[in-house]
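Have a look at the structure below before the remarks.
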Amino acid sequence: MASLPEPDRTREWLSTMTLIRRFEERAGEMYARAKVGGFLHLSIGEEATIVGSARALRDSDYLISTYRSHGHALVRGTPPENVMAELFGRVDGCSGGRGGSMHMFDLSRRFMGGYGIVGGNLPIAAGIALSSDYRDTDEVTLCVFGDGASNQGTFGETLNLAALWKLPVVFMVTNNQFGMGTALRRHSAVTDLQRKGESLGVPGMRCDGMDVLDTHAVLAEAVARVREERCPVLVEAVTYRFRGHSMADPEQYRTKEEVALWRERDPIPAFAELLIGEGVIDEAERERIDAEAIARVDAAVEFAEASPFPAPESLYDDVYVLDPNVRGRYSAQTSEEQANRARTAAAAPEDSAQAANDEIPQQLTQALAAGEDGGETSATGSSAAGSSAAGAS
Amino acid sequence: MAQMRYREALNAALREELGRDERVILMGEDIGVFGGAFKVTDGLLEEFGEKRIRDTPISENTIVGVGVGAAMTGLRPVVELMTINFALLAFDQIVNHAAHIHYMFGGQVRVPLVVRMPQGAGHQLGPTHSHCLEAMFLHVPGLLVAVPATAADAKGLLKSAIREENPVIFIEHESLYGVRGEVPEGEDELVPFGLARVAREGSDVTIVGVSRMALTAERAAETLASEHGVQAEVIDPRTLRPLDLDTILESVRKTNHCVIVEEGWPHGGVGANLAALVSEQAFDDLDAPVQRVAGADVPMPYSKPLEDIAYPHEPQIVHAALAALGTRADAAGAQGATR
């Protein structure tokens, strides 16, 4: 077992894991009450993998994720209010209500998004890393995907390219044992997933994704190696999701006994008990941490309920970055009313949300001008709904 | 003005933008050491180095995705795909990611990416290297689509594309790479998106030509004038998104007749889209139904005589214009129209 880091850090890890658990449980309830639409993929059971890996990053590093990404937004510090509001489809959602459960995003915290296409985020991660490299920074990108994604073409293509171009990406395959409802041994000829990058020049590592200490220790080593050597590594985090693939999953592909066996290794009680045993926290503090998480999620639900739905007039906003000097039509609407709306939008001044994106290009321009490292500036900006729930690494 | 070939104009645009903006990088298969499959990137590796001119593995979807990620974090990548058919391998990154990221993440991040590719028949490359697929990209909100037909537009539009804040599908034409034209000199000589080019003025019929078909339409207009006394106005939209519909509508209101010419397939094509828009917005000004001239509704065949009749030439355009004007009794429609 990895040695125990300082108490403040481990307490924060337990708090964040607990927050993610309570958030996901409540999200499931809200889905059952039809407050949340679409698909809802919960990460209950995978909290140690999420927190252990993300806490191996600096604020200036990037994290990019999948359609199971509420926990990734939360661990990066996106307020639960904005994550819940996104699930509710409200204007204060972290993607403005445009993305939903599968498409969380928070540029200010360098959480570069959840992506709904399996394997779709791997090339984008390589592009982000290329940008970091191009600017001569020592930023690292952590790219998280599932065991199912390791069969996509983008897995082979991107690992090859990242090794060839020496891009600073930690590829982390979250092996939760199933690609949707297809067990690992039924979807991958090689089930030792850490070895899947070997023929592509990407060395592999493995961590116990049910153990936040082991996950953090392995990922810290992987991140340090990638930061130093500017070459990709592949880490397999072995974990399990306790709930179905999504809320619409009768779970006919696994037995209750198998789930019960994994639940015995529930990462949150296991870590809490370890911290109690080591004298870092006591039983009262454990209860307080849980009560705080519940209160935080209560506030998130209250906030999301109060946040308005996006106005119908905003339907066409942000399809394009509009240039008021352009004479042509971005959208060929079939009615005069729609055409006029597109014209009005084109005539409007640039909206302020886009200004948030200027941070990175400006940083790039400055770095290029100065010919020096522009990567250590903290990206921990403030967002719409107050303070962050989780501390920095 | 300088005389240069279409490919040289593209090369000049890339060179100038690489020179003025360090955020610009090029990625693609064989664009560096090889100099580009169509020599568009010739000499750029020597001038700008491997950091900025990047030969890639044959991994179209990933190359475009790397461009998306780099664009989201401050670079201005220009990705070359060897032909438009290969872009189909990258459709996931182009449609699900490049086109939608700005919208689906609530406007937080932009994707200033250019994806260049040539299209078009005429070189006997058969059904996987010869198609004209601009309609597929035109369909997608979030993408801009440029289809330059002249050397001047190739340069001016590519420079605009690189300076764009939105992802741009930049569609070149294989058979135009060697065609010479007058090109304005100067680093800031841009051709703006969303502004059509009136290639020839006329009062009798409006002919809208897309990509190479703008040039074919111009030649057809000469024939119409010299042999039939018909003055055709030829419009090259230059960008299909944003679309300068107003210039087309103004012309139709003047001529009362409209022919749309494209090299791609007729079902769900650019012509279908433009014909619908013109009919919806200028119906009262039309004296006859909008005529469409399109490529044949078949995969592009290899054999030369078959390939030749599978995409439009001047006679079909002349025929369609005359049909629109009611000059011919047998107004049976154009080559390649729906059977």
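Protein sequence lines correspond, in order, to chains A and B.
Here the first sequence is numbered in the working numbering, starting from 345 and rising by one per residue.
Here the second sequence is numbered in the working numbering, starting from 1293 and rising by one per residue.
For each residue, glycine too, the CB sits at the ideal point set by N, CA and C.
Contact with chain B by Val514 (chain A), beta-carbon distance below 8 angstroms: no
Cβ neighbour criterion (16 or more within 10 Å) applied to Leu474 (chain A): buried
7 angstroms CB neighbourhood of Leu499 (chain A) in its chain, flanking five on each side removed: Note on identity: in this sequence residue 499 (chain A) is Phe, with Leu being the wrong assignment. Within the same chain, Phe499 (chain A) has close Cβ partners Gly463, Leu466 and Ala493.
Beta-carbon separation (whole angstroms), Ala1427 (chain B) vs Gly1587 (chain B), contact threshold 8 angstroms: The pair is not a contact, with the Cβ atoms about 11 angstroms apart (cut-off 8 angstroms).
For Thr1354 (chain B), three-class secondary structure by DSSP: helix
Alpha carbon of Glu1352 (chain B) to alpha carbon of Ala1382 (chain B), nearest angstrom: 5 angstroms
Pick from B:Leu1302, B:Leu1535, B:Phe1330 and B:Gln1608 that is closest to Pro1433 (chain B), judged by C-alpha positions: Answer by Cα proximity: B:Leu1535.
Nearest-angstrom Cα separation, counted from Ala1441 (chain B) out to Leu1468 (chain B): 7 angstroms
Classification of Glu720 (chain A) by the beta-carbon crowding that lies within 10 angstroms, buried from 16 upward: At Glu720 (chain A) the pLDDT is 32, less than 50, meaning the model places this residue with poor confidence; the figure from the coordinates comes in the next sentence. Exposed is the call here.
Interface residues of the stretch 1377-1411 of chain B facing chain A [CB-CB below 8 angstroms]: Answer in chain order: Asp1384, Gln1385, Asn1388, His1389, Ile1393, His1394, Tyr1395, Met1396, Phe1397, Gly1398, Gly1399, Gln1400, Val1401 and Arg1402.
Proximity test, Cβ basis, 8 angstroms: Met1364 (chain B) and chain A: yes
Selected residue, minimal CA-CA separation from Asp555 (chain A), among A:Tyr459, A:Glu601 and A:Val582: Checked all of A:Tyr459, A:Glu601 and A:Val582; the closest Cα to Asp555 (chain A) is A:Val582.
Of the listed residues A:Arg585, A:Pro424 and A:Thr481, nearest to Arg402 (chain A) (C-alpha basis): A:Thr481
Asp558 (chain A), DSSP secondary structure in three states: helix
Those residues which DSSP pairs with Thr1463 (chain B) across a bridge: It should be noted that the sequence gives Ile, not Thr, for residue 1463 (chain B). Residue pairing from DSSP places Ile1463 (chain B) in a beta bridge opposite B:Met1409.
Glu1554 (chain B) (DSSP reduced to helix, strand or coil): coil
Own chain partners of Leu505 (chain A) with C-beta closer than 7 angstroms, once the 5 adjacent residues on each side are dropped: Ala470
Top-ranked residue by Cα proximity to Arg412 (chain A), from A:Leu451, A:Glu368, A:Ser397 and A:Phe515: A:Glu368
Assigned exposure category for Gly457 (chain A) - 16 Cβ within 10 Å defines buried: buried
Three-state secondary structure assigned by DSSP to Gly1448 (chain B): helix
Length of the line joining the Cα atoms of Ser1543 (chain B) and Leu1318 (chain B): 39 angstroms
DSSP beta-bridge partners of Cys551 (chain A): In the DSSP output, where bridge partners are listed per residue, Cys551 (chain A) has A:Ala581.
Classification of Thr783 (chain A) by the beta-carbon crowding that lies within 10 angstroms, buried from 16 upward: For residue 783 (chain A) there is no data in the structure shown, the boundaries of chain A being 345 and 737.
8 angstroms contact criterion, which Gly1473 (chain B) and Ala1438 (chain B) should meet: CB distance rounded: That belief does not hold up - the Cβ atoms of Gly1473 (chain B) and Ala1438 (chain B) are roughly 16 angstroms apart, past 8 angstroms.
Helix, strand or coil at Gln1583 (chain B) [DSSP, three-state]: strand
Neighbourhood of Thr1420 (chain B) by C-beta distance below 6 angstroms, restricted to the same chain and skipping five residues each side: Closer than 6 angstroms at Cβ, skipping near neighbours: Asn1377.
Inter-residue Cα distance where the pair is Ala1446 (chain B) and Val1497 (chain B): 27 angstroms
Close-in-space but distant-in-sequence residues of the same chain around Gly444 (chain A) (CB under 6 angstroms, 5 per side omitted): Exclusion of the five residues before and after Gly444 (chain A) leaves Gly382 as the residues of its chain whose Cβ lies within less than 6 angstroms of its Cβ.
Within chain B, partners of Pro467 (chain A) - CB distance below 8 angstroms: Asn1353, Thr1354, Ile1355, Val1356, Gly1357, Val1358, Val1360, Gly1361 and Gln1385
Backbone CA spacing between Asn1303 (chain B) and Phe1330 (chain B) [nearest angstrom]: 11 angstroms
Any beta strand (DSSP E) of 3 or more consecutive residues that is wholly inside the stretch 1326-1398 of chain B: 1345-1347 and 1368-1372
Classification of Asn520 (chain A) by the beta-carbon crowding that lies within 10 angstroms, buried from 16 upward: buried
Any chain A beta carbon closer than 8 angstroms to Val1432 (chain B): no
Short CB-CB distance (under 8 angstroms) between Arg671 (chain A) and chain B: yes
Residue-level contact to chain A via CB, Arg1533 (chain B), 8 angstroms cutoff: yes
Met524 (chain A) (DSSP reduced to helix, strand or coil): coil
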